């Protein structure tokens with residue numbers, strides 16, 4: 004019998020940077036006993052992303068930060084929207100250029116990520132934030 | 004019992020800009036009586052996007068337009084593809100950098116968007132266009 | 004009765020460029036006899052993407068390559084991560100700016116793509132690569 008299960012995960016970030024959430028997600032799949040299916044992750048925010056990123060060399064994620072800082076620099080005077088500070092509008096641009104939702108296949112009770120793929124929450128704001136992630140599992 | 008329902012929504016745009024389609028989507032979910040599930044939105048075009056964007060301050064969307072105009076300017080002589088005018092190739096680039104499909108969780112009969120999230124159709128062509136959106140609902 | 008079917012597709016690329024995989028995907032849907040549903044495609048890599056791109060004029064895809072080469076050039080000395088050569092970090096950036104997963108509605112036994120939409124695997128590495136694509140079909 005097929006089913007659809009939803010769960011909310013609260014993740015606290017320590018400001019801008021990438022946070023590996025793969026283990027948290029695999030644990031939820033295991034707890035819900037899903038053998039084959041799909042795992043949908045949805046971040047309820049417009050200033051943080053979900054990415055599948057290379058997990059072996061941390062300089063990849065440093066280079067990604069630097070890339071984003073180059074194309075959408077903090078405090079750029081061209082932005083009209085800066086109510087919450089110099090990182091406000093860049094955070095929205097970074098989110099639009101990436102994704103705040105991911106769908107990953109489940110096989111043998113786990114997200115079937117590639118060898119070099121892990122799931123990261125990418126916080127784009129410089130301050131600590133509480134982020135809410137909705138996980139929907141289907142089999 | 005689980006089900007999968009499909010519906011086509013026709014949306015006419017008045018040219019480049021963002022169009023809030025959240026109410027249209029919530030209405031379809033309500034009409035189909037889906038309590039818990041997933042809502043998949045698919046735009047059948049390569050020159051318009053679907054984004055989840057900050058809904059409180061309209062200058063966010065102005066800054067996003069300006070950002071795209073800066074990295075992929077209309078009429079840039081580097082483009083080989085300009086059959087349909089100066090906004091033709093930039094529209095494809097903007098679509099590739101964003102998404103033409105979104106999956107959003109449904110809970111309590113509604114898309115569970117964050118407080119600041121709304122669903123926008125982002126028209127990248129300068130002229131009026133008729134856009135076709137396929138909605139697939141699962142529970 | 005609803006079902007979820009998974010299949011792995013191995014695709015060999017001849018290096019950087021776009022590869023039209025639409026026929027391969029439509030064939031899998033046909034073989035699995037799915038009339039109405041969703042097709043989820045997932046690439047198990049962090050240096051190649053899946054895009055829905057304009058299929059009529061090949062210069063669109065040339066312009067997309069040139070755009071990416073401009074914003075994330077090969078061999079840029081700003082990259083710290085260059086273990087696998089000058090195209091290593093640009094391949095990760097290009098993947099993050101696009102997507103390595105797509106969900107497409109199925110209707111009447113086929114992915115319901117728009118007139119100008121086809122599904123492309125976008126190889127971002129310059130050398131030949133073997134890419135693994137996981138297809139999950141739902142009805």
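Protein chains in written order, with this note's numbering: chain U, 4 to 142; chain A, 4 to 142; chain D, 4 to 142.
Even glycine gets a Cβ: it sits at the ideal position worked out from N, Cα and C.
Since we're looking at a predicted model, the values are computed, not measured.
Contacts with chain A at 7 Å (Cβ-Cβ) do not include residue 70(U). Between residue 41(A) and residue 136(A), the gap from beta carbon to beta carbon reaches 7 Å or more. For residue 66(D), the enclosing alpha helix (DSSP H) begins and ends at 62-74.
Put simply, of 87(U), 91(U), 84(U) and 58(U) the residue whose alpha carbon is nearest the alpha carbon of residue 72(U) is 91(U). Here residue 44(D) is near residue 138(D), since their CB atoms are less than 7 Å apart. Chain-ordered, the chain D residues with CB closer than 8 Å to the CB of residue 48(A) read 117, 119 and 120. At least one beta carbon of chain U lies nearer than 7 Å to the beta carbon of residue 5(A). In this structure residue 80(U) does not touch residue 93(U) by the C-beta definition: roughly 13 Å separates them, more than the 8 Å allowed. Of the residues 58(A), 52(A) and 85(A), the one whose Cα lies closest to the Cα of residue 66(D) is 85(A).
Residue environment analysis places residue 121(U) among the buried positions, since at least 16 neighbouring C-beta atoms fall within 10 angstroms of its C-beta. For residue 30(U), the enclosing alpha helix (DSSP H) begins and ends at 25-34.
Residue nearest to residue 58(U) within the set 128(U), 74(U), 132(U) and 123(U) is 123(U) (criterion: CA-CA distance). The DSSP-derived three-state label of residue 98(A) is helix. Across the segment 102-114 of chain A, CB contacts with chain U closer than 8 Å involve 102, 105, 106, 107, 108 and 110, in sequence order along the chain. Secondary structure at residue 89(D): coil, using DSSP grouped into helix, strand and coil. The beta carbon of residue 62(U) sits closer than 7 Å to some beta carbon of chain D. For residue 12(A), the enclosing beta strand (DSSP E) starts and ends at 7-16. Judged by beta-carbon spacing, residue 106(A) lies beyond the 7 Å limit of residue 49(U), meaning their Cβ atoms are not closer than that value. Taking 7 Å as the threshold, the shortest C-beta distance from residue 43(D) to chain U falls below it.
Ranked by Cα distance from residue 68(U), the options 13(U), 115(U) and 22(U) are led by 22(U). Cβ-Cβ distances below 6 Å link residue 131(U) to 17 and 18 in the same chain, with the five nearest sequence neighbours on each side left out; the list follows chain order. Inter-residue distance for residue 37(A) and residue 129(D) is about 46 Å (C-alpha atoms, whole angstroms). Listed as beta-bridge partners of residue 134(A) by DSSP are 14(A). C-alpha of residue 14(A) to C-alpha of residue 133(A): approximately 6 Å in a straight line. Cβ-Cβ distances below 7 Å link residue 142(U) to 5, 6, 37, 38, 39 and 40 in the same chain, with the five nearest sequence neighbours on each side left out; the list follows chain order. Under the DSSP assignment, residue 43(D) falls in the beta strand (DSSP E) whose first and last residues are 40-46. Contact of residue 95(D) with chain U by beta-carbon distance below 8 Å involves 56, 57, 63, 66 and 67. Residue 55(A) has its alpha-carbon roughly 20 Å from the corresponding atom of residue 33(A).
Non-local C-beta neighbours of residue 63(A) in its own chain, meaning closer than 8 Å and more than five positions away in sequence, comprise 56 and 57, ordered along the chain. For residue 106(A), the uninterrupted beta strand (DSSP E) run begins and ends at 104-110, by DSSP.
Ranking 74(A), 29(A), 102(A) and 8(A) by CA distance to the CA of residue 112(A) puts 29(A) first. The same chain holds no residue with a CB closer than 6 Å to that of residue 60(U) once the five nearest residues on each side in sequence are set aside. Exclusion of the five residues before and after residue 52(A) leaves 46, 97, 98, 101, 102, 103, 124, 125 and 127 as the residues of its chain whose Cβ lies within less than 8 Å of its Cβ. Note: residue 51(D) is bridge-paired with 126(D) in the DSSP secondary-structure output.
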